[in-house]
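Peer 1: Listed in order, the protein sequences are those of chains B and H.
With the working numbering as the guide, the letters of the first sequence map in order to residues 12 to 220.
With the working numbering as the guide, the letters of the second sequence map in order to residues 12 to 220.
2 protein chains.
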Amino acid sequence: MPTDTKERLLDSAELLFSSQGIANTSLRSLTEHAKVNLAAVNYHFQSKDALVQAVLFRRMNPINQRRLELLSALQNPTVEQILDAFYRPAVEAVLAGPEGRTVARLIGRLYSEPGDLLAGQVRALMAEVIRLFVESIQRALPGVPPATVLWRLHFCIGILAHTFGAMQLIEGMARGRIAYDDPEAILRQMITFASAGLRAEGESTCAAS
Amino acid sequence: MPTDTKERLLDSAELLFSSQGIANTSLRSLTEHAKVNLAAVNYHFQSKDALVQAVLFRRMNPINQRRLELLSALQNPTVEQILDAFYRPAVEAVLAGPEGRTVARLIGRLYSEPGDLLAGQVRALMAEVIRLFVESIQRALPGVPPATVLWRLHFCIGILAHTFGAMQLIEGMARGRIAYDDPEAILRQMITFASAGLRAEGESTCAAS
DNA sequence: GTATCGTTGAAACGAACGTTTTATTTAATC
DNA sequence: GATTAAATAAAACGTTCGTTTCAACGATAC
């Protein structure tokens, strides 16, 4: 239970944005949920948009920083190791606390949010990370054409985003047959699938224009 | 150029919803774009929510119907054939016309939309399709545990959703190195990657609770 | 020609939105 | 204890939203 207003706003915003969407969450319901005065949003942050940005950056920045740390610690890594460096910070951050699932949908939806002012900054925040991971994968798989590497990292990101964004979908399919609270099991499933996809043969012809 | 009001509304709604998001698109800007009176939305459809549902179903129903057709036409199919039956209707519908890319983001975001009234119906619409494809994949890969099959179909859906939802992301990465207007090339990339992931070994232990 | 039904046009409704303003409270400094 | 600055509270701002109302229009059937 956070004690100060700013944190309470961030926590409530995270919860409500991810469960109802950003545009569907009013500052009135948000401040009511946070037990905070309505004007607090525009006092501590300048606007609702700035609050949205703060909510996202609070979670994404540590994840991306950790990704780069893990990646740079590897020497001649396998694709499994590269994927672990990419997936693990997100999976662990999301499933760490009880609020994790809340963060998950938020992150998962980041990649496909409409062309808001927000999207631009999120993409800029991801661009550097993606660039470095593309290079690393290309080095690990010199036989795969560059364009195909791009496609396949794109797919890897989709796996992560969809795993976070549509948890309830797979849970509905599984009906208890899947353990969603074990980060290692989820990581193993994702890395096993994605590494096999990255290594796949048969698309050696570059589909460049 | 559609001539009647109802179609003009559906087309404009499809365009604006996918580019700006549903909540961020007002009926005023929508009817202005469609060159239609404001009251037309509540006359032809009952509400904005019903319009949203109509927009989605107009695209999703033919795709899902075609998926089931293609799947049922296969006998003892390979995973490549199953994935083709799942991916092809969506890819071809999305890239068919000039408005295809517009539809893409809309479909891509369906899977991770917040818990609206909309999401429930979309999920119900997808549930039957998913169930049949799970069965088919399980039959093609008897060695893979059922829980793992669920995870991996989940990943396959994520690949599709993210390919549609975040096209501009990969295009920004690729800078012209990728041909996004060739359905067959996209299908090949997706199927090559996903089929290798589906067949992957190493996750034989079921992560059931 | 007149009545009828489906459709469109223009205006208005009440509600909810993000934001701003003005007071009041709280806490630290001298 | 008075002074100052930061934080909270309460109220109002103007705007925009989805929806409704009611009048006008156009075609078809009598």
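Heads up, the beta-carbon is just placed ideally off N, CA and C, and yes, glycines get one too.
None of these values were measured; they are calculated from a predicted model.
What is the rounded straight-line gap between the Cα of V105 of chain B and the Cα of V114 of chain B?
Peer 2: 6 Å
Peer 1: Would you say H165 of chain B touches the ligand FMN, meaning its beta carbon is less than 8 Å from a heavy atom?
Peer 2: With respect to small molecules bound, the structure shown includes none, and the ligand FMN cannot be examined in it.
Peer 1: How is E212 of chain B classed by DSSP in three states: helix, strand or coil?
Peer 2: Looking at E212 of chain B - three-state DSSP - the assignment turns out to be coil, as it is neither helix nor strand.
Peer 1: Report the CB separation of L164 of chain B from V140 of chain B in whole angstroms; it is logged as a contact under 8 Å.
Peer 2: Actually they do not touch by this definition, with Cβ atoms about 11 Å apart.
Peer 1: Is there at least one Cβ from chain B nearer than 9 Å to R163 of chain H's Cβ?
Peer 2: Against chain B, the CB of R163 of chain H has a partner CB under 9 Å away; the residue lies at that interface.
Peer 1: Mind checking whether L209 of chain B and L152 of chain B have CB atoms under 9 Å apart?
Peer 2: The answer is yes: Cβ separation under 9 Å.
Peer 1: At the level of alpha carbons, what is the spacing between R134 of chain B and T174 of chain H?
Peer 2: 16 Å
Peer 1: Roughly how many whole angstroms lie between the Cα atoms of D95 of chain H and P157 of chain H?
Peer 2: 21 Å
Peer 1: Shorter than 9 Å from the beta carbon of I170 of chain H to some beta carbon of chain B?
Peer 2: yes
Peer 1: Mind listing the chain H neighbours of R78 of chain B? Cutoff is C-beta to C-beta under 8 Å, in chain order.
Peer 2: Here the premise fails: no neighbours, minimum Cβ distance about 16 Å.
Peer 1: Quick one, which residues of the stretch 92 to 104 of chain B are near chain H if we go by CB-CB under 9 Å, in chain order?
Peer 2: none
Peer 1: Would you call S29 of chain B buried or exposed, if buried means 16 or more other Cβ atoms sit within 10 Å of its Cβ?
Peer 2: buried
Peer 1: Comparing C-alpha positions only, which one of H:Q149, H:E103, H:L67 sits nearest to I33 of chain H?
Peer 2: Selected option, being the one with the closest Cα: H:L67.
Peer 1: Residues of chain H with CB closer than 7 Å to the CB of G213 of chain B, please, in chain order.
Peer 2: T203
Peer 1: A50 of chain H and F56 of chain H look like a contact to me (Cβ under 8 Å); what is the Cβ gap, rounded to whole Å?
Peer 2: F56 of chain H and A50 of chain H do not touch by the CB rule: their CB atoms are close to 11 Å apart, not below 8 Å.
Peer 1: Name the two residues that bound the continuous alpha helix (DSSP H) containing N53 of chain H.
Peer 2: 51 to 55
Peer 1: If you draw a straight line from the C-alpha of I197 of chain H to the C-alpha of V102 of chain H, how long is it?
Peer 2: 8 Å
Peer 1: I want to see whether chain B comes within less than 9 Å of R210 of chain H, judged by CB atoms only; does it?
Peer 2: yes
Peer 1: Identify whether G32 of chain B lies in helix, strand or coil by the three-state DSSP scheme.
Peer 2: Looking at G32 of chain B - three-state DSSP - the assignment turns out to be coil, as it is neither helix nor strand.
Peer 1: Less than 7 Å between C-beta atoms, sequence neighbours within five positions excluded: which residues of the same chain meet that for P194 of chain B?
Peer 2: V102, E103, L106
Peer 1: With H, G and I counted as helix, E and B as strand and the rest as coil, what does DSSP make of T89 of chain B?
Peer 2: coil
Peer 1: Cβ of S220 of chain B less than 9 Å from any chain H Cβ?
Peer 2: Only weak support exists for where S220 of chain B lies, its pLDDT of 33 falling under 50; the value from the coordinates is given anyway. Taking Cβ atoms only, chain H reaches closer than 9 Å to S220 of chain B, which makes this a yes.
Peer 1: Cβ closer than 8 Å: which chain H residues qualify as neighbours of T159 of chain B?
Peer 2: Q200
Peer 1: Closest Cβ-Cβ distance between N35 of chain B and chain H: below 9 Å?
Peer 2: yes
Peer 1: So what does DSSP say about I202 of chain B, is it helix, strand or coil?
Peer 2: helix
Peer 1: Is the separation between the beta-carbon of T16 of chain B and that of A61 of chain B shorter than 9 Å?
Peer 2: Not a contact, by the Cβ cut-off of 9 Å.
Peer 1: First and last residue of the alpha helix (DSSP H) that includes L61 of chain B?
Peer 2: The sequence given here places Ala at residue 61 of chain B; Leu does not occur at that position. For A61 of chain B, the enclosing alpha helix (DSSP H) begins and ends at 59 to 83.
Peer 1: Quick one: list the residues of chain B neighbouring F166 of chain H, beta-carbon separation under 9 Å, in chain order.
Peer 2: F166, G169, I170, H173, T174, Q200, M201, F204, A205, G208
Peer 1: Smallest Cα separation from I93 of chain H: which of H:A138, H:T203, H:V63?
Peer 2: H:T203
Peer 1: Listing by chain order, which chain H residues have their CB less than 9 Å from the CB of I118 of chain B?
Peer 2: None at all; the shortest Cβ gap to chain H is about 10 Å.
Peer 1: Which residue's Cα is closest to the Cα of T8 of chain H: H:Q132, H:R150, H:A24?
Peer 2: Because chain H here runs from 12 to 220, residue 8 of chain H falls outside it and cannot be looked at.
Peer 1: Does chain H have any CB closer than 9 Å to the CB of I74 of chain B?
Peer 2: no
Peer 1: Would you list, in chain order, the members of the stretch 18 to 34 of chain H that have their beta-carbon closer than 9 Å to a beta-carbon of chain B?
Peer 2: F28, S29, S30, Q31, G32, I33, A34
Peer 1: Indicate whether at least one CB of chain B lies closer than 9 Å to the CB of A177 of chain H.
Peer 2: With 9 Å as the cut-off, A177 of chain H counts as an interface residue toward chain B.
Peer 1: Note the first and the last residue of the continuous alpha helix (DSSP H) segment covering P157 of chain H.
Peer 2: From DSSP, the alpha helix (DSSP H) with P157 of chain H extends over 157 to 176.
Peer 1: Using a Cβ-Cβ cutoff of less than 7 Å, which residues in the same chain neighbour E91 of chain B once the five nearest sequence positions on both sides are dropped?
Peer 2: I202, S206
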